Structures are given as C-alpha cells and as structure tokens.
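Participant: Have a look at the structure that comes next, please.
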Amino acid sequence: RIRCVPHERDALLAFRAGLTDPDSYLSSWQGEDCFRWKGIRCSNRTGHVLELRLLSLEEVSSSIRFRGGQMSSSPLEDLKNLRTLDLRGNNFDGAPIPEFIGSLKSLRYLYISGSKFGGRVPPRLGNLSRLLYLDLNNIFEDSYIYSTDLAWLSRLTTLKYLDLSEVNLSTATDWAHVVNKLPSLVTLNLRYCGLQNVIPSPVDVNLTSLEYLDLNGNEFSSALGPKNLFWDLPSLLHLDMGVCGLQGSIPEEVGNMTSITRLDLSVNNLIGTIPTTFKNLRNLEELRLFGNSINGPVAVLLERLPTENSLQDLTLFENNLSGNLPNQLRHLRNLTTLDLSKNRLSGELPTGISALSKLEELRLGSNNLEGTITENHFAEMASLNNLVLSGNSLSMVFQHGWKPPFKLDIAVLRSCKLGPKFPEWLRSQNSISVLDISNTSIAGLIPHWFWTTFSRTQYLVLSQNQMSGMLSPTMFRKMEAETMDFSENYLAGSLPKLPENLRSLDLSRNNLSGLLPSEIGAPLLKELILLKNSISGRIPQYFCHLENLTFVDLSANKLHGTFPNCECQKLVFLDFGYNQFSGILPTWIGDTLRSLSFFSLRSNLFSGHIPLQLAKMKSLQYLDLACNNLSGTIPQSLADLIGMAVAPQDDDSLSDIVDYGYNIDGVTDVVAYTDSSLVIMKGQQLEFTSGIMYLVNFDLSCNSLTGHIPEEIGKLPALKNLNLSWNHLSGIIPDSIGEVHSLESLDLSHNKFGGELPESLSVLTSLVYLNLSYNNLTGRIPSGNQLQTLNDQASIYIGNPGLCGPPLSKNCSEPGLTPPTPKGRKDTGDTVFFFVAMGSGYAMGLWTIFCLFLFNKNWRIVCFTFSDCLYDQVYVRLALIWAFLTRRKL
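Heads up: the sequence shown begins at 1 in UniProt numbering, then just goes up one per residue.
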C-alpha cells in the first residue's frame with residue numbers, strides 16, 4: 001500500500017505546529033499515513049502530497065479561523081509536487097504573502113483570499129508557469145495588499161481564472177496590456193482595485209477566451225470611448241463596470257458584444273439613452289443601468305432593446321426616464337424583473353403590462369404615474385411575487401371577491417389609494433414578508449383576519465391612515481414581525497405585549513392610553529416610538545432589561561415619576577420630552593448612556609443641577625433640557641462634548657437608526673423616521689421630520705440657571721442652535737462665541753447679561769437668527785455683513801437701554817463705547833445752569849410785554865380792540881350753531 005512521502009509528512013506536521021487551531025480542525029493530522037488527514041490529498045501512485053486545503057468550501061464561510069505568524073520560510077517548500085494550495089479563511093495578521101510559494105512550480109490552483117495577508121504581492125508568483133487558478137481576493141478591510149507592477153503576470157500564460165479584487169493596483173498603469181498576454185484567461189475579476197484608466201484596445205486582442213470581466217468599483221472617471229478592450233472580446237458573456245465613474249453616453253460599439261448575456265453599467269454618470277445597436281445584443285439576459293442619468297422617453301429606450309425575447313432582468317431605477325409606458329411590451333415577454341422606480345414616468349399604467357406573464361418582480365415606485373389599476377393589469381401575472389408601486393398617484397380598484405393569481409412576498413404600495421375599506425384582496429396574500437400600505441386612505445376597523453393572514457410578515461407598515469379600533473392584550477401574540485409601524489392612525493387602548501421577534505415598533509400619533517405593560521416582551525427590541533399618545537404612569541422596570549434598545553421616543557405623553565434607572569448602554573436616541581417626569585437628573589446618566597447622540601427632556605419637571613457627568617457622552621450632538629426647573633450653573637465640562645465639535649456625517653450612529661428599511665433583493669427601500677422632533681430654533685417652534693440627525697443642538701432655555709456662559713463654549717464649533725434664553729444668567733457674552741462657526745441660531749434673551757457685545761459676533765457667517773433682547777448689555781453694537789442681513793434687527797436688541805449704534809436709532813456720542821449714566825447720578829452744574837437760564841428768559845419776556853402796555857397807549861388800544869372783536873366773532877358763531885341744532889330737534 002502506498003504511503004505518503006516521509007519528508008513531506010514531516011513538512012506538514014511542522015507547518016501545523018506553526019498554526020493556532022482553536023477548533024481542533026487538524027486533529028486528524030497524526031500518525032504516519034497522511035492519506036487520511038483532513039484537507040490533504042496524496043497521489044495513489046507516488047505518495048506525494050498533491051493538495052492542501054486548510055478549510056473546505058463550506059467551512060471557508062464559517063467562523064473557523066486558523067491563526068499563523070510569519071511564513072517567509074516554511075516547511076511547505078518541500079512539497080514540490082503540490083498542485084493545489086488553499087489557505088483561504090485564515091488569519092495571518094498582515095504577514096506578507098510568502099515568497100516560497102513561487103518555488104512550488106507544480107501548482108495549478110492557488111487560493112489565499114480572505115487570509116489577512118498584507119504587503120506587496122511577490123513577483124516570484126510569476127514562476128508558477130503551470131498555474132490555472134489564482135485567487136488573491138483581499139476581502140477584509142483591515143488588510144492591505146498591493147502590487148505596483150504586474151509584469152510577473154504575463155508569464156502565467158496558462159492562467160484561466162484570475163481574481164485580484166481589492167488588491168491595490170492604482171500604480172499598475174499597464175495592467176490591460178499585461179492581462180492581454182494571457183490568452184487562456186476565462187475569468188478576470190478586478191473589483192475595487194483602484195484602476196484609473198479605461199482599457200484601451202490593444203492592436204491585437206489575445207483575450208479570445210475571456211467570458212467573465214468584473215471591473216466594478218474602480219476609478220476610471222472618464223467616458224466610454226469607441227475603442228475599448230471589451231468591445232472586441234468575442235467570447236465575453238459578463239461585463240460589470242458598475243461604480244466606475246463612467247461619464248458621457250453609451251457608445252454604439254456596445255453592439256459589438258453579440259455574445260454578452262449580462263451587462264452592468266450601474267451607478268455611474270452616464271447620460272442620454274441607449275444606442276440603437278443594443279438590438280444586436282441578441283443573447284442579453286440581464287441589463288443593469290440603475291443609478292445613472294439616462295434620460296429621454298422610456299418608450300424609446302424599450303423599443304431599442306433586442307427583440308429576441310432573451311432579456312430577463314431590466315433594472316433601470318434612479319435615472320431620468322420620462323413619458324408613458326408603451327402598451328405593447330410583447331418583445332419583453334420573458335422578463336422576470338422590471339425595475340423602473342425612481343424615474344419621471346407619467347401617465348397611466350397600461351393594461352398591456354399583463355403580457356409580461358413571467359414577471360416575478362415589478363417595481364415602478366417613486367414616479368408620476370396616475371390613474372386606476374384593475375385586475376386586468378395582473379390577469380396573466382401568476383409568477384408575480386414582488387410588487388412596488390409606492391410614491392405614485394395610483395388607485396387600486398378591484399372587483400369584489402377578486403382573488404389575485406399571484407402570491408406576493410413583497411408588497412410596497414405606499415401612497416397609492418387602496419381605501420377607504422381595507423383591501424379584501426390582501427386576505428389571500430398570506431406569504432407576504434414585507435407589507436407597506438402606509439398613506440393609502442384606509443379607514444375604519446382593522447379586519448379580524450389581518451392578524452392571522454400577516455402573522456408571518458416581517459415588515460408591517462400601515463402608518464398614516466385612518467384605521468381605528470382597540471388594541472387587545474393578546475393581539476400581537478402570534479405575530480412574527482420584526483418591524484411594525486401603525487403610526488398616525490386612531491388606534492386606542494393600552495399597549496399590548498409585543499411579539500418575541502420584534503425589533504422596531506412605531507405606534508406614535510394614535511389614541512393609546514393607560515399604563516405601559518409591566519412585561520412588554522420583545523427581548524430583541526431596538527426601536528420603541530410611542531410619542532403623541534396619552535400613555536400615563538411610570539416607566540416599568542422591565543424596560544431596563546431591553547439591552548438592545550437604541551431608539552426610544554416616548555415624548556408628548558402623560559408619563560411621570562423619576563428618570564428610570566436603566567442601563568441601556570446601546571441607546572443612541574432618547575426623547576422623554578413633554579411629559580411630567582420630575583426629580584433630579586441622576587449622575588449615572590453620563591457614565592451609562594455614553595452612546596447617546598440625541599437626548600431630550602424638554603418640558604418636564606426635573607430640578608436640581610445639570611450633572612457634570614453629562615460631559616462623558618462623547619457622541620452627544622443634540623441636548624435639550626429646556627423648560628424644566630433646573631438651577632445652578634452651566635458646567636464648564638460640557639465643552640468636552642466632542643459630538644458637538646464635529647459636524648455629523650451620513651454614517652454617524654444617529655443617522656443609521658433614524659432611517660430603517662427593508663431589503664428587496666439587494667436594494668434597500670429606506671423609510672425615513674417621519675415622527676417629528678420639535679425644536680425651538682430661530683425664534684419659532686420648528687418641526688424636524690428628517691434631517692434631525694444633522695442638527696447639533698444645545699438648548700437649556702426656560703430654566704433657572706445662574707452664573708455665566710463658559711468660555712469653553714468655543715470648543716463646540718459644530719453647534720447650529722444655542723438657546724439659553726429665559727434663565728438668570730449674567731456676566732459678559734464670551735468672545736469665544738465667535739469660534740462656533742456653524743452657529744445658525746443664537747438666543748440669549750431674557751437673562752441678565754451685561755457688558756459690551758463681543759466683536760466676534762460679526763464673524764458668525766452662518767448666523768440667520770439672533771436674539772439678545774431683555775438683558776443689561778451696553779455699548780456699541782458690532783458691525784458685520786452677516787449681522788446686517790438678520791431680519792427685524794431692532795427687536796434683536798430691545799430691552800437693552802445701554803446699547804447704541806446701528807440698527808438702533810440711538811447714536812453713540814464717541815467713536816468708542818459710551819456707557820449709560822447710572823441711576824442716581826446728577827450732573828448738577830449743567831442742570832442748575834439750564835433752569836436758571838430758562839427762568840430768567842421767561843421773566844424778561846413777561847416784563848417786556850408789561851412795559852409796552854404800560855407806556856404805549858396805542859398798543860393798549862389795539863390789543864384790547866382785537867380781543868373784543870375775537871370775542872364777538874366766537875360768540876356769534878356759537879349762537880348760530882346752537883339755533884341750528886335746536887331747529888333740527890323740533
């Protein structure tokens with residue numbers, strides 16, 4: 001019986017000794033017969049080791065991982081007859097790809113993807129002249145593999161499969177010419193390699209066997225010219241150039257790829273429509289052009305598609321296609337997927353669409369479609385399982401008793417008109433996993449069959465309707481939903497016990513009342529939204545055991561009691577505003593709720609000081625403690641809130657949870673969290689329904705705070721809204737306020753601030769609202785372009801008698817600042833002189849007139865005669881008026 005070669009067996013054992021094997025995967029590697037060792041295959045004729053696979057294909061995707069250190073030299077060098085080396089699914093901690101692999105000249109298959117190697121790809125791999133399959137796919141973000149020169153590849157002339165995905169090739173500018181020297185290549189995968197030049201067409205194209213070409217995620221940022229390598233590949237079946245920054249229109253040369261079956265040019269900057277040469281693509285089965293700016297009438301585009309009925313998947317969402325869908329679609333009758341959502345389609349949905357009898361997925365959401373949909377539109381669609389019509393003005397009117405020929409898995413009908421009665425045809429759709437019938441004009445009671453028909457539905461969205469009825473304690477008992485949104489309806493009763501699998505619940509804006517249940521269920525719950533109901537009582541202790549909670553909004557209810565002693569360390573959003581909570585804010589909040597980004601306790605009855613520990617919430621970007629009974633000073637440590645120092649990004653934790661969505665075959669239909677947050681900003685109550693995650697807010701208004709504004713406020717440059725109004729704050733406004741560059745709204749009104757206004761106010765170029773009224777501010781108002789653009793400027797400074805200069809009418813007497821005269825101070829010299837001069841002048845005038853009358857007879861006669869005449873005229877006029885009025889009465 002043939003046994004494995006002893007020195008090769010010893011090499012394998014030495015290799016194993018250098019690995020960490022936590023799951024004892026290599027426990028069979030013992031004894032002298034390595035034929036029976038797991039992952040090893042030997043020659044039945046010579047005993048040489050031919051194949052080494054550390055993991056099977058199934059185990060590569062599992063959690064099993066070996067760990068290894070440096071492999072610059074290895075006993076595996078002795079395996080001279082090795083044909084397959086598979087090191088996938090391991091962790092070599094960034095060690096370089098071993099150079100010795102280049103000496104294993106019998107290798108046919110080399111797999112080292114996903115093993116966390118790092119550094120440069122060794123050019124010695126070019127010595128593997130018999131290699132058929134090379135997989136260096138760098139699938140882990142925390143490992144970095146690169147190659148500056150691919151000349152070594154040109155020596156692998158027998159290579160059929162090459163995968164260098166996510167290996168950095170940004171400096172390998174000659175990659176196309178090198179690859180063209182591999183005439184046997186069938187599959188080429190270069191996803192996300194940092195390639196920066198579109199492939200020019202070589203003089204002689206040698207890639208005559210290439211069938212699969214994937215260049216997705218590179219950085220070409222140029223137009224698809226008429227002379228590119230892939231236009232001249234006669235065997236090419238699959239071309240993926242999505243997310244490559246491609247620009248311009250699709251050239252006519254695309255029609256040269258007559259063998260192509262799958263073409264993906266999605267998420268680029270392509271414009272225009274498709275060329276007429278698309279009709280040459282007789283074998284095309286899948287066309288993905290979504291996420292571009294392709295425009296023009298949709299009817300023209302559809303007419304230019306091949307007429308051989310080969311096309312099965314047509315995905316064109318997020319473009320600028322317009323016009324009406326044509327009624328004649330028979331040349332597309334083999335379509336299984338039609339996605340034209342998020343375009344500008346208009347008109348009615350033609351009944352001719354029913355000819356697409358093999359259609360499984362129909363997505364026309366977010367267009368301008370209108371009119372009525374009847375059962376005729378779906379008469380032949382027995383295979384339909386995915387229907388997305390949301391965001392249109394469509395009415396769905398079916399005959400009573402109509403039973404659809406299909407069984408839907410996904411039904412997204414948001415904003416279509418289905419009501420006023422609950423659609424009876426949905427009763428047969430008991431296999432739905434995603435049901436969104438929000439804002440569909442449904443009114444009245446939810447039918448009894450609803451809870452059983454959709455008991456296995458995972459995403460259940462019925463918000464923004466007029467549905468009513470009482471929630472019973474056991475209503476949700478058999479539900480398997482992960483997301484339930486019944487917000488903005490007229491549902492009443494108490495909150496029932498929730499389904500075990502539930503992760504998100506939104507019952508906001510209903511008529512719920514009563515107490516929260518002592519045991520709510522749903523141990524996996526992440527989002528609980530109950531705002532604007534009439535729920536009363538205290539928050540039960542059970543809530544503290546929901547350790548996965550990230551989003552809680554219980555605002556605008558009738559809850560009371562102290563702040564619940566819960567250690568929900570994953571909380572990102574917490575809103576208890578507009579309730580009746582009382583007591584002091586516990587100091588443990590800052591230690592426990594460190595992940596909070598949004599924290600609002602507005603309009604409650606909290607008292608005491610603001611805890612210094614709040615500064616430990618490093619992610620906090622929205623703090624609203626307004627309208628409570630808080631006292632004491634503003635802690636200087638609040639300047640350590642680094643979440644207010646940097647503007648929020650789309651990938652921030654708050655942004656992640658404010659949007660939720662359901663995945664439809666790789667495309668997530670995101671539903672923004674629409675329940676609003678009220679913010680006192682820019683002098684008015686603003687309602688944020690989206691974008692709240694981008695508002696950096698600091699609101700302590702309407703309390704009894706004393707002391708001054710900390711100078712450290714300048715360390716929060718990302719603040720957009722700072723509201724400290726209606727407190728008892730004093731001191732000066734710090735000059736560091738000018739360092740809050742993002743500030744849009746500043747309200748310091750109704751306090752006791754004094755001193756001069758800082759000149760730094762004039763550098764707040766984002767400021768659109770300012771209120772400094774009713775303080776004790778003095779001196780000249782700073783000038784600045786931004787300050788002069790503010791509305792109603794005079795009201796900004798009202799109630800500060802010591803201020804002067806534009807926009808006030810009060811001028812400053814000196815170029816500098818002129819403080820007002822304090823009460824009680826008397827400028828006695830000027831005042832006495834004024835009254836003495838006025839009295840003397842008055843006496844002198846009277847004495848002059850008296851002397852004239854005394855010594856001049858003519859003046860006396862004229863004066864008294866004038867007086868008598870004036871008296872007579874007045875008397876006569878009054879007598880005539882009296883007589884006239886008397887006659888009218890008679």
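For each residue, glycine too, the CB sits at the ideal point set by N, CA and C. None of these values were measured; they are calculated from a predicted model.
1. Check each candidate in Val179, Ser170, Thr148 and name the one with the smallest Cα separation from Arg155.
2. Which residues in the same chain as Ile520 place their Cβ atom closer than 8 Å to its Cβ, once the five residues preceding and following it in sequence are excluded?
3. Among the candidates Leu314, Lys342, Asn334, whose CA atom is the shortest distance from the CA of Leu321?
4. May I have the straight-line CA-CA distance separating Phe140 from Gly469, to the nearest angstrom?
5. State the start and end residues of the unbroken alpha helix (DSSP H) segment that holds Thr457.
6. Thinking C-alpha only, which one of Thr158, Ile798, Arg282 is nearest Leu305?
7. I need the boundaries of the alpha helix (DSSP H) containing Glu8, first residue and last residue.
8. Please confirm if the region 351 to 363 is in contact with the region 290 to 304, defined as three or more CB-CB distances below 8 Å between the two stretches.
9. From the DSSP output, read off the bridge partner residues of Gln580.
10. For the alpha helix (DSSP H) holding Asp591, just list the boundary residues, first then last.
11. How many whole angstroms separate the CB atoms of Leu364 and Leu335, which I take to be in contact at a CB cut-off of 8 Å?
12. Does the beta-carbon of Glu98 have 16 or more other beta-carbons within 10 angstroms, so that it is buried, or is it exposed?
13. Take Asn189 as the anchor and find which of Ser113, Asn206, Gly126 has the nearest alpha-carbon.
14. Just to confirm the assignment, what range does the alpha helix (DSSP H) spanning Val300 have?
15. Is DSSP giving Gly371 helix, strand or coil here?
16. The alpha helix (DSSP H) that contains Ala176, what's its start and end?
17. My output table needs one value for Ala718: the three-state DSSP class, helix, strand or coil.
18. Helix, strand or coil for Glu527? Go by DSSP, reduced to three states.
19. Are three or more beta carbon pairs between the region 42 to 52 and the region 19 to 32 nearer than 8 Å?
20. Would you tell me roughly how many angstroms separate the C-alpha atoms of Ala639 and Ser745, rounded to the nearest one?
21. Output needed for Ala11: all residues of its chain with C-beta closer than 7 Å, excluding positions within five of it in sequence on either side, in chain order.
22. Mind checking which residues open and close the alpha helix (DSSP H) that includes Ile796?
23. Compare the C-alpha of Pro782 against each of Ser266, Thr633, Ser704, Ile733 and name the closest.
24. Starting from Asn771, trace the beta strand (DSSP E) in both directions and tell me its first and last residue.
25. What residue range does the alpha helix (DSSP H) around Gln788 cover?
26. If you scan the region 237 to 284 from start to end, which runs of the beta strand (DSSP E) of 3 or more residues do you find wholly inside it?
27. Restricting to Cα atoms, I'd like to know which of Gly255, Gly94, Pro801 is closest to Asn775.
28. Which value, in whole angstroms, describes the spacing of the CA atoms of Thr587 and His609?
29. Alpha carbons only, please: which of Leu620, Gly707, Ser773 is nearest the one belonging to Pro716?
30. What is the DSSP secondary structure of residue 894, counted as helix, strand or coil?
31. As a quick exercise: from Ser704, Cys566, Gly590, Asn557, pick the residue whose alpha carbon is nearest that of Ser626.
32. By Cβ distance below 8 Å, which residues in the same chain neighbour Ile811 in space, the five residues on each side in sequence not counted?
33. Mark Phe15 as exposed unless 16 or more other C-beta atoms lie within 10 angstroms of its C-beta, in which case mark it buried.
34. Assuming Ser736 and Gly707 are in contact, meaning their beta carbons sit under 8 Å apart, how far apart are those beta carbons, in whole angstroms?
35. Quick check: what's the CA-CA separation for Lys421 versus Ile410?
36. For Cys42, which residues in the same chain have their Cβ closer than 7 Å to its Cβ, ignoring the five residues on either side in sequence?
Facilitator: The short version:
1. Val179
2. Leu495, Lys497, Leu498, Pro540, Tyr542, Phe543, Leu546
3. Lys342
4. 51 Å
5. Counting along the chain, Thr457 falls outside any alpha helix (DSSP H), and DSSP gives it neither H nor E.
6. Arg282
7. 6 to 17
8. no
9. His560
10. 588 to 592
11. Not quite, the Cβ-Cβ distance comes to about 13 Å (not below 8 Å), so this is no contact.
12. Residue 98 is actually Pro in this sequence, not Glu. Answer is buried; the Cβ neighbour count reaches 16.
13. Ser113
14. 298 to 303
15. strand
16. 175 to 179
17. coil
18. strand
19. no
20. 18 Å
21. Pro75, Leu76, Asp78, Leu79
22. 793 to 796
23. Ile733
24. 769 to 771
25. 785 to 788
26. 238 to 240, 262 to 264, 269 to 272
27. Pro801
28. 10 Å
29. According to the sequence as given, residue 716 is Leu; it is not Pro. The shortest Cα separation from Leu716 among Leu620, Gly707, Ser773 belongs to Leu620.
30. There is simply no residue 894 to check, as the chain begins at 1 and stops at 890 in what is shown.
31. Note that residue 626 is Ala in the sequence shown, not Ser. For Ala626, the nearest C-alpha among the options comes from Ser704.
32. The residue asked about is misnamed: residue 811 is Asn in this sequence, not Ile. So the list reads Cys804, Gly805, once near-sequence residues are dropped.
33. buried
34. In fact, because the Cβ distance is near 16 Å, the residues do not count as touching under 8 Å.
35. 21 Å
36. Cys4, Cys34, Phe35, His48, Val49, Leu50
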